[in-house]
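Quick notes on the structure that follows.
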Amino acid sequence: MKKIGKYFPKDVEPKWQEIWAKDGLYKFPKNPKKKYYNLVELPYPSGDLHMGHWFNFATADVHARYKRMSGFDVFFPNGFDAFGLPAENAAIKHNIHPKDWTMKNIETMTLQFKTIGTMIDWDYTTITCLPEFYRWNQWIFLKMFEKGIAYRGKALSNWCPVDQTVLANEHIEAGKCWRCGSEVIQKEVEQWFLKITDYADSLIWPENPKVDWPKEVREGQNNWIGKSEGMLIDFGEIGVFTTRPETSDGATFLVVAPEHKFAQAIESQEVKDYIKQASKKTEMERKEDRTKSGIFTGKYVKNPVTNKDIPVWVSDYVLAGYGTGAIMAVPFADERDKEFAEKFNLPIVETSFKAKPEGKKTVNYHLRDWSISRQRYWGTPVPIVYCAECGLVPVPMADLPIELPYNVDYTPKGKPPLATDEEWLNVKCPKCGHDAKRDAETLDTFFDSAWYYYRYVSPNFDKGPFDEKEVGKIMPVDVYVGGSEHILGHTLYARFFTKFFKEIGLVSFDEFALKRVQHGVILGPDGNRMSKSKGNVVNPDKVVKEYGADAVRLYLCFMMPYEATAPWSTGAISGIYRFLKRIWELSEKVETVHPNVSDLTMMHKTIKKVGDDLNNFHFNTAVSSLMSWLNYLSVKQTSKEEYDTFLKLLAPFAPHITEELYHLNDLSANSIHLDNWPTIQSKYLIEEELRIVVQVNGRLRDTIITQNTNLKNQNLIEEEAKKCVNVQKYLEGQAIKKVIYVEGKLINFVI
RNA sequence: GGGCAAGUGGCGGAAUGGUAUACGCGGUAGUCUCAAAAACUACUAGCCGCAAGGCUGUGAGGGUUCGACUCCCUCUUUGCCCACCA
Numbered sequence: 000m001k002k003i004g005k006y007f008p009k010d011v012e013p014k015w016q017e018i019w020a021k022d023g024l025y026k027f028p029k030n031p032k033k034k035y036y037n038l039v040e041l042p043y044p045s046g047d048l049h050m051g052h053w054f055n056f057a058t059a060d061v062h063a064r065y066k067r068m069s070g071f072d073v074f075f076p077n078g079f080d081a082f083g084l085p086a087e088n089a090a091i092k093h094n095i096h097p098k099d100w101t102m103k104n105i106e107t108m109t110l111q112f113k114t115i116g117t118m119i120d121w122d123y124t125t126i127t128c129l130p131e132f133y134r135w136n137q138w139i140f141l142k143m144f145e146k147g148i149a150y151r152g153k154a155l156s157n158w159c160p161v162d163q164t165v166l167a168n169e170h171i172e173a174g175k176c177w178r179c180g181s182e183v184i185q186k187e188v189e190q191w192f193l194k195i196t197d198y199a200d201s202l203i204w205p206e207n208p209k210v211d212w213p214k215e216v217r218e219g220q221n222n223w224i225g226k227s228e229g230m231l232i233d234f235g236e237i238g239v240f241t242t243r244p245e246t247s248d249g250a251t252f253l254v255v256a257p258e259h260k261f262a263q264a265i266e267s268q269e270v271k272d273y274i275k276q277a278s279k280k281t282e283m284e285r286k287e288d289r290t291k292s293g294i295f296t297g298k299y300v301k302n303p304v305t306n307k308d309i310p311v312w313v314s315d316y317v318l319a320g321y322g323t324g325a326i327m328a329v330p331f332a333d334e335r336d337k338e339f340a341e342k343f344n345l346p347i348v349e350t351s352f353k354a355k356p357e358g359k360k361t362v363n364y365h366l367r368d369w370s371i372s373r374q375r376y377w378g379t380p381v382p383i384v385y386c387a388e389c390g391l392v393p394v395p396m397a398d399l400p401i402e403l404p405y406n407v408d409y410t411p412k413g414k415p416p417l418a419t420d421e422e423w424l425n426v427k428c429p430k431c432g433h434d435a436k437r438d439a440e441t442l443d444t445f446f447d448s449a450w451y452y453y454r455y456v457s458p459n460f461d462k463g464p465f466d467e468k469e470v471g472k473i474m475p476v477d478v479y480v481g482g483s484e485h486i487l488g489h490t491l492y493a494r495f496f497t498k499f500f501k502e503i504g505l506v507s508f509d510e511f512a513l514k515r516v517q518h519g520v521i522l523g524p525d526g527n528r529m530s531k532s533k534g535n536v537v538n539p540d541k542v543v544k545e546y547g548a549d550a551v552r553l554y555l556c557f558m559m560p561y562e563a564t565a566p567w568s569t570g571a572i573s574g575i576y577r578f579l580k581r582i583w584e585l586s587e588k589v590e591t592v593h594p595n596v597s598d599l600t601m602m603h604k605t606i607k608k609v610g611d612d613l614n615n616f617h618f619n620t621a622v623s624s625l626m627s628w629l630n631y632l633s634v635k636q637t638s639k640e641e642y643d644t645f646l647k648l649l650a651p652f653a654p655h656i657t658e659e660l661y662h663l664n665d666l667s668a669n670s671i672h673l674d675n676w677p678t679i680q681s682k683y684l685i686e687e688e689l690r691i692v693v694q695v696n697g698r699l700r701d702t703i704i705t706q707n708t709n710l711k712n713q714n715l716i717e718e719e720a721k722k723c724v725n726v727q728k729y730l731e732g733q734a735i736k737k738v739i740y741v742e743g744k745l746i747n748f749v750i
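As structure tokens, this is what we get:
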């Protein structure tokens, strides 16, 4: 074989990346025969690609490349989740327009993405902050408005009375507004909602779903939806929801939430003060401070079971948003009620657990409708016009997109930034033609990510959010990889959108992804989450400079099980680099020999192992079996057949070095990445000689080597086993009660 | 308080009812070298032993089994997510 120089990744990797791009090696075919949609959660363009991005995309790429070699037309797109708060904050801080900041980051990150050496086909991409994308956000919103799924409603929010705006939890510091320092209160604020609760039942996962999603996700979502069946009981003018009507004879008082109508109507100044006090607590504070507070309203209602008058109290431990916002307190059966009763000296009466109150069977859900209004600039404008005559008027579909104006003062002013742009804001009502105003709010960015993967399929389609014909060919997603932080938000919203799309006839399936896989987290070398402030960030560009992209890819595969959380180890990657160097050097030692039967057994077992592991996202064990095979090859003569097979198995992990070595031997060869995954010859999976474990009473005492052909002959194995000196020692003078023989594995003498 | 996942060498981890610690890192000793680095070779769970071998050992305790890291029960610790949801 040819003499080659030392392994320098920088001489190999950029070269092949260029050739692949030039040859269009990874272009997705227009008419796929056997499609495989490989989807990774789209990244936020935060500035630079970090190790987490590398991990997600490198491992997904290994999987995709394996699928491709196994005969699939793999669809592997990527885009950017480009709207959102960080851009706006960065803009304010660095005095750069959010769009410019975002687009610059996208440019940088797209270049960095290419250094990973993935097979992503960038012809299929979407950037959510561009009108070509968010136009269809507006279209979907209008469809939802038409169906009553998008509606204007009220919800308790953190409200700054000075800035006149809703605040996110992270913008409240010690109960004060981050901008103006005034005290934040809880207020019912009108905003846009999506009626996801209409879909609560269909979003609940069945025991055995048809799609392969982790239990963690299914259970998490089911708990979040939180369906509970109970009863609505009338206590005079207050209705109460309970899951335990049989305890209602023990209900000695009622508690209503501070926002409850009944509480709001109380005239007493003390009650008014309590309600005001409670409204000052943010949701966070309510969660943190669990000591019970409350006040008596002075009113009584009748318990329909006991016929006794019971007092009505107000307390913020009752949530306005769940059930009816009022509870019957059964201190005998409920810990929280008991705590309250003890604090305020209320009676605690035993319940028979046999009460049968009258009431209506009711189902309640923990799931709330999804608030999608943001009083922010950097998002999709809501395509609605407010007209004094006609009320809420949807913008006609033909007028879409309502473009987000570029020159807007997006610094905090106490109203949505778009409301400051008079020219944009003032329009004629599409219905009556009179003066009207646009909705100045923007959509939550989770709206974008709920359906972006449909857009990938036909990113230039201009007659709808996606080309139904193309979606029919490529969707549903075959595997969706992402992080566990999206169990409750993003993936639930995505499922919701798919159910809506099905309802309006856009798609024919119920679930958008056939399989969901959740990746782990790479910690800094010190075992903490990587962060600039801790100074433990491992910069992928630097590591690539030192070891090459192939080594980083392999190390990310090898360092831990896919779903695990483990620290980056600077030492361990040098072991991977050593592994690659040994493969490089082995190419000089390939000889014109034929592999013997044990060589072929080793080879075919490895083909099987690596293939199975790549199918199941078990990257770490796939790499270790390749290492074992290399160790095996290193101490014998290696044939071309073995070496080429090795390169093919390694190709999904380390696409550059394998391509280089493949071409060293045959300059005219096609790309190794156009090759098929080696075929397993099952006759070689069976070993000729087997090691049988000999146990006495389940303890290992010896092993025997036997020919495969003898396996069925238990008597022979038994005789062989009894001949072992170390076994005889234990069997001597003992009666054998039982012999257990597991074919090809072990024989156990029970004495 | 609830849900989910996990606990195996000095470290990352492998083994899902059948040889516990594969593979890699780190460590020790050696070869090569004037020397070092690199590379290569051997050893590397603990205890006893010159060795052959033996005993102990997968968070703790119990159970099922010829046999348990693996299955069941009780407890415990850690991580992640959710949480005054009636």
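Residue numbering for the first sequence follows numbering that gives the first Met the number 0, starting at 0 and increasing by one per position.
Glycine included, every Cβ here is placed at the ideal spot set by N, Cα and C.
Own chain, CB closer than 6 Å to K337, minus 5 neighbours either side, in chain order: Same-chain partners within the cutoff: P330.
Give a yes or no on whether the C-beta atoms belonging to A449 and A493 are separated by under 7 Å. Yes, Cβ-Cβ distance for A449 and A493 is below 7 Å.
Assuming V724 is part of the alpha helix (DSSP H), what are its boundary residues? Looking at the DSSP string, the run of the alpha helix (DSSP H) that includes V724 is 724-730.
Kindly indicate which residue of E640, D200, E688 has the alpha-carbon position closest to the one of K588. The shortest Cα separation from K588 among E640, D200, E688 belongs to E640.
Complete alpha helix (DSSP H) runs within the stretch 252-302 (minimum length 4 residues, chain order): The DSSP assignment places 260-263, 268-279, 282-287 as complete runs of the alpha helix (DSSP H) inside the stretch 252-302, in order along the chain (cut-off: 4 residues).
Taking the CB atoms as reference points, tell me whether T441 and G378 lie closer together than 7 Å. For T441 and G378, yes; Cβs fall inside 7 Å.
What three-state label does DSSP hand R700 in the structure shown? The DSSP-derived three-state label of R700 is strand.
Pick helix, strand or coil for D99, following the three-state DSSP scheme. Three-state DSSP puts D99 in a helix.
Residue range of the alpha helix (DSSP H) that includes V543: 539-546 is the span of the alpha helix (DSSP H), which, as asked, contains V543.
Give a yes or no on whether the C-beta atoms belonging to D549 and H617 are separated by under 7 Å. Against a cut-off of 7 Å, the Cβ pair of H617 and D549 comes out as no contact.
Given H593, which residues of its chain have a CB within under 7 Å of its CB, disregarding the five upstream and five downstream residues? Same-chain partners within the cutoff: S638.
Using 10 angstroms around the beta-carbon of N714, count the other beta-carbons present and answer buried if the total reaches 16, otherwise exposed. By the 10 Å Cβ count, N714 comes out exposed.
Per the contact definition of three or more C-beta pairs closer than 8 Å, is the stretch 399-419 in contact with the stretch 252-264? Cβ pair count under 8 Å is below three, so no.
Under 7 Å, do I606 and M50 count as touching if we go by C-beta distance? No, the pair does not count as a contact, with Cβ atoms beyond the cut-off.
Between the alpha carbons of D643 and Y546, how many angstroms are there, rounded? Between D643 and Y546, the alpha-carbon positions lie close to 23 Å from each other.
For F75 and I119, which I take to be in contact (beta-carbon distance under 8 Å), what is that distance rounded to the nearest angstrom? That belief holds up - the Cβ atoms of F75 and I119 are roughly 5 Å apart, short of 8 Å.
Using the C-alpha atoms, what's the distance from H603 back to V609? Answer to the nearest angstrom: the Cα atoms are 10 Å apart.
Between the CA atoms of V300 and G235 - distance to the nearest angstrom: G235 and V300 have their C-alpha atoms roughly 6 Å apart.
What are the boundary residues of the beta strand (DSSP E) that includes L745? Unbroken beta strand (DSSP E) run through L745: 745-749.
Three Cβ pairs or more, each shorter than 8 Å: is that satisfied between the stretch 538-545 and the stretch 501-519? Judged by Cβ distances under 8 Å, the stretch 538-545 makes no contact with the stretch 501-519, as fewer than three pairs qualify.
Here's the rule: buried if 16 or more other CB atoms are within 10 angstroms of the residue's CB, otherwise exposed. What is F446? Buried is the label assigned to F446, since at least 16 other Cβ atoms lie within 10 Å of its Cβ.
Can you tell me which of the three DSSP states E659 falls into? In the structure shown, E659 sits in a helix (DSSP, three-state: H, G or I).
Assign E659 to buried or exposed, taking buried as 16 or more other Cβ atoms, counted over all protein chains shown, within 10 Å of its Cβ. Its Cβ being crowded by 16 or more others within 10 Å, E659 is buried.
Cβ pair count under 8 Å reaching 3, the stretch 19-30 against the stretch 119-128: In this structure the stretch 19-30 lies against the stretch 119-128, because at least three pairs of beta carbons, one per stretch, are closer than 8 Å.
Can Q16 and T164 be called in contact, C-beta distance under 7 Å? Contact flag unset, no.
Quick check on Q680: buried or exposed, where buried means 16 or more other Cβ atoms within 10 Å of its Cβ? Q680 counts as exposed, since fewer than 16 other beta carbons sit within 10 angstroms of its beta carbon.
Residues bridged to P416 (per DSSP): In DSSP, P416 forms no bridge with anything.
Determine the direct distance from the alpha carbon of F295 to that of K271, and round the result to whole angstroms. Cα-Cα distance, rounded: 11 Å.
Short of 8 Å in beta carbon distance, which residues of its chain neighbour I383, apart from the five on each side in sequence? Order them along the chain. Sequence-distant Cβ neighbours of I383 in its own chain, meaning closer than 8 Å and more than five residues away, are F144, L391, V392, P393, V394, R437, D438.
If you drop the 5 nearest sequence neighbours on each side, which residues of the same chain put their C-beta closer than 8 Å to that of S457? Excluding sequence neighbours, S457 sits near F465, D466, E469, V470.
Using the C-alpha atoms, what's the distance from V738 back to C758? Residue numbering for the chain in the displayed model covers 0 to 750; residue 758 lies beyond these limits and cannot be assessed.
CB-CB length for I575 against L553, believed under 8 Å: With 8 Å as the limit, I575 and L553 qualify as a contact, their Cβ atoms being about 5 Å apart.
Using a threshold of 7 Å, state whether the C-beta atoms of L646 and Y661 are closer than that. Taking the C-beta atoms as reference points, Y661 is found nearer than 7 Å to L646.
Locate the alpha helix (DSSP H) running through P475, then write down its first and last residues. Counting along the chain, P475 falls outside any alpha helix (DSSP H), and DSSP gives it neither H nor E.
Please confirm if the stretch 412-421 is in contact with the stretch 95-105, defined as three or more CB-CB distances below 8 Å between the two stretches. Contact annotation: the stretch 412-421 does not touch the stretch 95-105, with fewer than three C-beta pairs closer than 8 Å.
Start and end residues, beta strand (DSSP E) containing K226: No beta strand (DSSP E) holds K226; DSSP gives it neither H nor E.
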